[in-house]
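Protein chains: 2
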Amino acid sequence: MSLFESLFGKKETSASVARDRLKLVLAHERASNALPYMEEMKTDILEVIKKYTKVKDIHFTTQNNQNIDVLEMEIILK
Amino acid sequence: MSLFESLFGKKETSASVARDRLKLVLAHERASNALPYMEEMKTDILEVIKKYTKVKDIHFTTQNNQNIDVLEMEIILK
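For the protein sequence lines, the chains are A and B, in the order given.
Each position in the first sequence, counted from 1, maps to that position plus 71 in this note's numbering.
Each position in the second sequence, counted from 1, maps to that position plus 71 in this note's numbering.
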């Protein structure tokens, strides 16, 4: 699976299904503890995105796997 | 390949190799044109990351694939 597919799911064959959306993935590989400021940083990054784009909807997901924490934000644009 | 592997390369078997690093992936799936403000938005997001973390080194890569533009930043933390 390519990075593109892992970002937006399976590749669609028709170009007509393309939507305007942003996906932001913030992954932290940590040697020790989780970053205590991750939540605040996430909020600030989201503020930046809102400053530049017209956000219609946002979905968050978080995953972790051993020493990697991953935050995904999917931002549907107007 | 999982999202984790596509983010940080092949999974290492030894926990001792874990480093403190952040990876930020900003992907834009576009129905029409590229976002004109992408460059400025990238700079602002980077400012947010620098506000919270001690950055040792940053690598940027960009990729595009049909209607998806992907910007990756790998941030090595102190």
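Beta carbons are placed, not taken as given, at the ideal position from N, Cα and C, and that holds for glycine.
Same chain, Cβ closer than 8 Å to residue i, five either side skipped, listed in chain order
{"i": "isoleucine 129(B)", "result": "Leu117, Met144, Glu145, Ile146, Ile147"}
CB contact check: residue i to chain E, cutoff 8 Å
{"i": "lysine 94(B)", "result": "Of the chains in the structure shown, none is chain E; the protein chains are A and B."}
Through-space distance from residue j to residue i, alpha-carbon basis
{"i": "arginine 90(A)", "j": "valine 126(A)", "result": "13 Å"}
{"i": "methionine 109(A)", "j": "asparagine 138(B)", "result": "30 Å"}
{"i": "alanine 105(A)", "j": "aspartate 140(A)", "result": "8 Å"}
{"i": "threonine 133(B)", "j": "valine 119(A)", "result": "20 Å"}
{"i": "glutamate 111(A)", "j": "leucine 95(A)", "result": "16 Å"}
{"i": "lysine 150(A)", "j": "threonine 124(A)", "result": "Since the first residue of chain A shown is 72 and the last is 149, residue 150(A) is not available in this structure."}
{"i": "aspartate 115(A)", "j": "aspartate 115(B)", "result": "10 Å"}
{"i": "serine 77(B)", "j": "leucine 74(A)", "result": "6 Å"}
{"i": "serine 103(A)", "j": "asparagine 136(A)", "result": "14 Å"}
Collapsed DSSP secondary structure at residue i in the structure displayed
{"i": "serine 87(A)", "result": "For serine 87(A), the pLDDT reaches just 47, beneath the cut-off of 50, and the residue's location in the model is therefore unreliable, leaving the point undetermined."}
{"i": "lysine 127(A)", "result": "strand"}
{"i": "lysine 121(A)", "result": "helix"}
{"i": "leucine 74(B)", "result": "helix"}
{"i": "lysine 149(B)", "result": "coil"}
Same chain, Cβ closer than 6 Å to residue i, neighbours up to 5 away in sequence not counted
{"i": "lysine 122(B)", "result": "none"}
{"i": "leucine 161(B)", "result": "Here chain B comprises residues numbered 72 to 149, so residue 161(B) is not present and cannot be evaluated."}
{"i": "glutamate 97(B)", "result": "Residue identity check: residue 97(B) is leucine in the sequence provided, not glutamate. Hits under 6 Å: Leu142."}
{"i": "arginine 101(B)", "result": "Asn138"}
{"i": "phenylalanine 131(A)", "result": "Met144"}
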